[in-house]
Structures are given as C-alpha cells and as structure tokens.
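In this note's numbering, each residue carries its 1-based index in the sequence shown increased by 478.
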Amino acid sequence: MTKNKQFQADTSNNPTLLRQLGWDSHFDLQVAAANATHTHIARVISVQRGLFLVADGQNEWLCSPAGKLLHSQTGDYPVTGDWVFVDDSVVSAVIPRKNILSRGESGARGSRTGATTREQAIAANLDAVFIVCGLDRDFNIRRIERYLALIYNCGLPPVVVLTKADLHDNPDSFRMEVEDIAFGVPVVLTSMLDDRGRSELASHLGVGRTIAMVGSSGAGKSTLANMLYGDDIQSTGAISSYDGKGRHTTTARELIRMPQGGMLMDNPGIREIAFHEDGHGVESAFAEIQELAESCRFADCSHQNEPGCAVLRAVEDGELLPDRLESYHKMKREMQYLLERRTKSADRIEKERWQEVALLVKQIKQRPKYK
Ligand SMILES: Nc1nc2c(ncn2[C@@H]2O[C@H](COP(=O)(O)OP(=O)(O)OP(=O)(O)O)[C@@H](O)[C@H]2O)c(=O)[nH]1
Ligand SMILES: [Mg+2]
Ligand SMILES: [Zn+2]
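As structure tokens, this is what we get:
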C-alpha cells in the first residue's frame, strides 16, 4: 500500500481499531457535524518537539501541524489524547474534545500567547485521572487536595494512588488520611515489590477508556505503568537520596495501549498546580466545608469572621482541621484572583475593540465622497 493511498480516504479507517484507541459516538457526531468525509482520523499519542506521533490502530506515524494550527490562538492546538484529521502526514484539524486536562492558569507566567496556552494543556479526551503520590517525602495531603480540585474543575473523576506502600509498616493510615479529604474518591495503595493495588487499578482501564496519571517527578508513575502493563515499557529513575525529589525521568508524554484494553498516559511530573477560572473544583474538593456552609447564618458567609459561621464553629469543635480550612481559603483566593484577572482582560479587549471601531468610523467620515 502506498503512503498516499493509505492516508487519503476515510474508508481506510477501521472503526473497530479506532474504538480500541478510545473512539466513541461523541466523536462520530463531531465528524458528522464537521462534514469532513475525505480525511483520515488518528489519535495523538505523543507530542515531540512540535511533531505529533499519531496512531489509527493500524499504523503509527509522525505528523507535522498544518500552518493554520500553528497560528491558531483559540487553543485548538493538538495535545496528547486528541483525535485529529490527518492528510498524509499533516494534522489538519482537531476533532472537538470531550474534555481537557490542563494545568490551569498559572498566575506567575504572565503572557497569554498561544504558546503559553499550549503549555498548560496536558491531555484531552480522558475518562479518569490517577493522582499518583509516593509514600516517601512526596506525600503531601495539601498537594493531593489541589490535584483533586484541578481534576474536578476539568469535570473528570479522580483516583488517588499511593505508591511505595512497602516503605511503611502501616500504609493504611495514609490511605485513611487521604480518604478523609477525598470523599467518595477511590484511594489505592500500591507497591512495585508485591503488586498490591494492581487489579483494583486495572479495573479502571478497559477497552475504549483513557486514563492519565499526574504527580510529581519520582512519584512512581512510570513504575506504576510498568506494573499495570506487566512489563518494563517505561523507563524509571532512581530518587536522589539528597533531596528526595526525583529527576524528571519521563520527558515525552505518551499514551500507552494497555493489555487490559484502554490507554494509559504517563505524564512528566507536574510541579505546578494552578486553576482554571471557571468550574467548581474547589467546592467539590471541599465538599464537607460546602455542607457545613449551609448552616452558616449568612448565605454569603466567607467563613472568616462572620457571626454564626458553622464552618468556624466546626474548627472550634475540632470537627474540621484548621489547615484544611486554610487550604480552602487559599484556593478560593487564587480562584478570585484569576476571575478578576479574566474580567480585567475582557474589559481591555472590549475597550480595544471600541477603539478600533471609533478609528474606522473616523476613517469613513474622512473619506472623500465620490458620486
Ligand atoms: N520502594 C519503592 N520504590 C518505588 C516504587 N515505585 C517507584 N519507586 C521508585 O521511585 C523512583 C521513581 O519512580 P518513577 O516511576 O520513575 O517515577 P515517575 O513518577 O515516573 O517520575 P518522572 O518520570 O520523573 O515524572 C524509582 O527509583 C522507583 O524505583 C515502590 O512501589 N516502592
Ligand atoms: Mg516517569
Ligand atoms: Zn461560614
């Protein structure tokens, strides 16, 4: 089969193979709406130096982005997990996503260029996210809280995976600590030494499912991928004994096709966690505070110093940890900041638009009239 023949007609897509890579009826509808019958469909399984490694269930090949994608400012630049239209070896468009996991806005980064937006996106079209945290110095309950809020914000179901359980005699205490802040979220203990947690995690995979892993460098994501796969397919790194922080071992994001069916995405460590401006991730992540708040005297209680605040009372009574409330306030403030920033920039855009219109009107008025 020649290269051209292979990639030109839509009939060359095998629907069964696409479904194994995660294709479902949502995308059928998107394609029908796009009215694009003569393009090949593939999934981005990794992004490497501006090139996309794509797969259609039969082949894997590298593609470059079409010019119009490079200059797009609307955030529809392909990320790992995206379904794309490809013409030969050029990705021409992204099929509208079901969801996107992104790092959110990071206040410190300033510039709102396309490149910045791209950098924030981690993965598209997911069914669940594993929050991977090592039971060594990596363990940090406040960080897990932030990941939970981030993932809820994206509308995705989280699973907390506590790796390196072999380092403790009683790892269950960590599991319970996490369960206390992550209501109804599965918390799974794993260890590469005895495969515990393996079958429970494998049950989240399955044909058509896509799961991404997030967590700091050295948390044990690649080790987990290997354990679930049943073979060493991802390279792992040793932790430097000096600071307990892993070196960045996995540098290219990659969707791995799992023997259980489904795809697992091994991410490089996300060191920074920030938020989207929209969504109710904080509320979902702090469900118990939300519930207490219903008993506050004032409906708009900020739980800081108001009389009749049920949340503050719960802290006094020892039912709610002060750290937990502080964490809630901190995330709320961050959200507020992002919201304000967005409103401000929207105002500025509006202002600039009117300036343009005014200029245009002026030019029209000045134009000599020909009769
Ligand atoms: N004792 C113990 N060590 C583990 C376990 N899982 C991972 N490790 C070790 O932790 C280190 C980091 O593991 P990786 O799987 O490479 O971590 P990663 O999250 O993929 O890191 P990046 O690719 O840098 O994001 C390696 O030295 C592993 O051997 C475990 O269950 N028990
Ligand atoms: Mg890794
Ligand atoms: Zn209150």
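Heads up, the beta-carbon is just placed ideally off N, CA and C, and yes, glycines get one too.
Using a C-beta cutoff of 8 Å, does residue i count as contacting chain B?
i	result
MET743	Here chain B cannot be found, since the structure has a single protein chain.
Hey, how far is the Cα of residue i from the Cα of residue j?
i	j	result
ARG775	ALA788	8 Å
ASP710	ASN704	5 Å
GLU812	PRO636	21 Å
SER461	ARG581	The requested residue 461 is not part of the displayed model; the chain covers only 479 to 849.
TRP501	VAL509	11 Å
GLY796	LEU770	13 Å
ALA836	ALA601	42 Å
ILE622	ASP566	42 Å
ALA627	LEU579	12 Å
THR591	ASP672	Below a pLDDT of 50, predicted positions are generally treated as unreliable, and THR591, at 40, falls in that range; no measurement from the model is reported.
LEU733	ASP560	11 Å
THR494	ASP778	52 Å
GLN782	LEU507	48 Å
LEU706	LYS642	15 Å
ASP658	ALA792	15 Å
SER444	LEU496	This structure does not reach residue 444, given that the chain is present from 479 up to 849, and the question cannot be answered.
SER780	LEU742	40 Å
LEU790	SER773	11 Å
GLY633	ILE573	19 Å
ARG620	SER805	7 Å
GLY528	ASN492	27 Å
MET691	GLY545	31 Å
ALA644	ILE629	The displayed chain sequence assigns Asp, not Ala, to residue 644. Cα-Cα distance, rounded: 27 Å.
ARG676	MET670	9 Å
Looking only at its own chain, which residues have a Cβ that is under 6 Å from the Cβ of residue i, when we skip the five neighbours before and after it?
i	result
PRO664	VAL637
LEU683	MET736, GLN738, GLY740
LEU548	none
GLN598	SER580, ARG581
GLU860	Residue coverage of the chain in this structure runs from 479 to 849, which leaves residue 860 outside it and unanswerable.
GLU761	GLN768
PHE764	TYR806
What is the DSSP secondary structure of residue i, reduced to helix, strand or coil?
i	result
LEU645	helix
PHE608	strand
LEU733	strand
ILE689	strand
PRO664	coil
PRO493	helix
LEU634	coil
MET450	The structure shown does not extend to residue 450, since the chain is modelled only from 479 to 849, so the question has no answer here.
MET741	strand
ILE619	helix
LEU640	strand
ALA599	strand
LEU626	helix
ASP650	helix
HIS682	coil
ASP614	coil
GLN712	coil
SER695	coil
Excluding the 5 residues preceding and the 5 following residue i in the sequence, name in chain order all residues of the same chain whose CB lies nearer than 8 Å to its CB.
i	result
PHE530	VAL522, SER524, LEU540, CYS541, SER542, PRO543, PRO556, VAL562, VAL569
LEU640	CYS611, GLY612, LEU613, PHE617, PRO649, PHE652, ARG653, VAL656, VAL665, VAL666, LEU667, THR668
GLU766	PHE661, LEU798
SER685	It is Val, not Ser, that sits at residue 685 in the sequence shown. Only ARG497, GLN498, GLY739, GLY740 meet the Cβ criterion.
PRO785	ARG775
GLU538	ILE523, LEU531, VAL532
Take residue i and list the residues in its own chain whose beta-carbon comes closer than 7 Å to its own, dropping the five residues that flank it on each side.
i	result
ALA447	Past the boundaries of the shown model lies residue 447; the chain is included only from 479 to 849, so the question cannot be answered.
ALA571	VAL562, PHE563
ASP605	ARG687, THR688, ILE689
LYS576	HIS504, ASN603
GLY693	ILE609, VAL610, CYS611, LYS699, GLY747
LYS810	VAL760
Do residue i and ligand 4 come close, with the Cβ less than 7 Å from some heavy atom?
i	result
THR714	Looking for ligand 4 in the displayed structure turns up nothing; the ligands present are ligand 1, ligand 2 and ligand 3.
- [ ] Let me have the residue list for ligand 3: C-beta closer than 5 Å to any non-hydrogen atom, ordered along the chain.
- [x] CYS774, CYS779, HIS781, CYS787, VAL789
TODO: Go through the stretch 744–810 residue by residue and report every complete run of the alpha helix (DSSP H) that reaches 4 residues or more, in order.
DONE: 759–763, 765–771, 788–794
Task: Every unbroken alpha helix (DSSP H) inside the stretch 514–586 [4 residues or more] - done: 545–548
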